[in-house]
DNA sequence: GCCCAGGTATAAA
DNA sequence: TTTATACATGGG
């Protein structure tokens with residue numbers, strides 16, 4: 033990966049892939065917005081940037097060299113060779129090769145664990161456009177202004193709210209889950225930063241103490257919020273996939289990248305559904 | 001109108 | 001331990 037800087041703009045040349053639409057619209061995140069020119073605009077922590085492809089480069093606008101080193105290099109997982117991971121996964125089974133080949137240029141973002149926790153609580157029994165709407169209203173209603181939008185509200189902020197105060201989100205039965213998550217995170221009863229390094233099964237159990245967090249939400253938080261790429265949702269809808277056309281996949285064999293394999297399988301099953 | 005959505009808690013078999 | 005159902009809401 034090469035990077036050059038020109039007046040608050042980072043210009044990336046990657047040896048592996050970075051497809052903006054596939055990365056931001058694969059269902060791992062809900063707060064990157066496509067603009068008419070094909071660029072994507074998003075807010076992470078207290079920074080707002082805009083990404084656009086120019087020839088074989090990805091351009092990050094409003095990105096200083098300091099921010100790139102402190103935030104974006106890690107957030108976009110730019111030090112990871114996705115080409116190598118794809119090749120490794122493709123060797124594991126014919127069905128997984130089809131899944132990997134069904135989409136390219138996805139990078140697993142290193143999102144904020146708290147934001148990922150809320151996002152995937154809200155995702156349950158819900159569709160992506162509506163999830164995005166609820167999260168937008170959550171940020172507008174309770175987040176600090178940032179750039180042209182809002183930061184994701186802190187757990188401490190939400191912990192002091194009531195279900196009635198969350199009603200404008202129209203999150204339905206999920207509102208009470210958000211409040212329980214906020215309360216447990218704000219109090220330290222669930223310590224998200226500990227989940228970066230704890231044994232994966234302990235992490236699952238810890239997350240599932242939150243009302244409304246089951247195995248599937250826990251796996252998504254671990255993968256997308258804590259970059260635990262070995263996390264794999266074996267026991268909810270993935271069980272369906274693995275008993276069908278993906279029955280030739282052995283999850284333990286996928287090892288450290290089982291979660292990334294899951295992302296490709298998710299895409300293939302989604303694209304077939306329509 | 002109808003079906004269903006990146007599921008989970010709860011009750012019942 | 002496995003299987004069924006309600007859940008709030010609205011996108012397509």
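In my numbering, the protein residues as written are 33 to 306.
Every residue, glycine too, gets a C-beta built ideally from N, C-alpha and C.
- Rounded to the nearest whole angstrom, the CA to CA distance from residue 44 to residue 101 is 13 Å.
- With a threshold of 16 other beta carbon atoms within 10 Å, residue 295 meets it and is buried.
- In this structure, the beta-carbon distance from residue 190 to residue 227 does not fall below 8 Å.
- With a contact defined as Cβ atoms closer than 8 Å, residue 261 and residue 140 qualify at about 7 Å.
- In the displayed model, residue 232 falls within a helix according to three-state DSSP.
- Annotation: the continuous alpha helix (DSSP H) that includes residue 197 extends over 195-198.
- When Cβ pairs closer than 8 Å are counted between the two stretches, the segment 166-184 is seen to touch the segment 63-80, the count reaching three or more.
- A check of alpha carbon separations from residue 244 across 106, 82, 152 and 86 identifies 152 as the nearest.
- In the DSSP assignment, residue 81 is bridged to 74.
- Burial is judged here by how many other beta carbons sit within 10 angstroms of a residue's own beta carbon; residue 265 has at least 16 and is buried.
- The C-beta of residue 216 has 16 or more other C-beta atoms within 10 Å across all chains shown, which makes the residue buried.
- In this structure, residue 73 sits away from residue 85, with a CB-CB distance that is not shorter than 8 Å.
- Listed as beta-bridge partners of residue 35 by DSSP are 44.
- When DSSP reads this structure, residue 104 sits in no beta bridge, so it has no partner.
- With a threshold of 16 other beta carbon atoms within 10 Å, residue 290 meets it and is buried.
- The closest CA to that of residue 113, considering only 173, 282, 46 and 252, is found on 46.
- DSSP places residue 66 in the strand class (E or B) of the three-state scheme.
- Counting of Cβ neighbours within 10 angstroms places residue 144 among the buried residues, the total reaching 16 or more.
- In this structure the segment 238-252 touches the segment 206-214; the number of beta carbon pairs closer than 8 Å is three or more.
- Restricting attention to 146, 278 and 78, the CA atom closest to the CA of residue 255 is found in 146.
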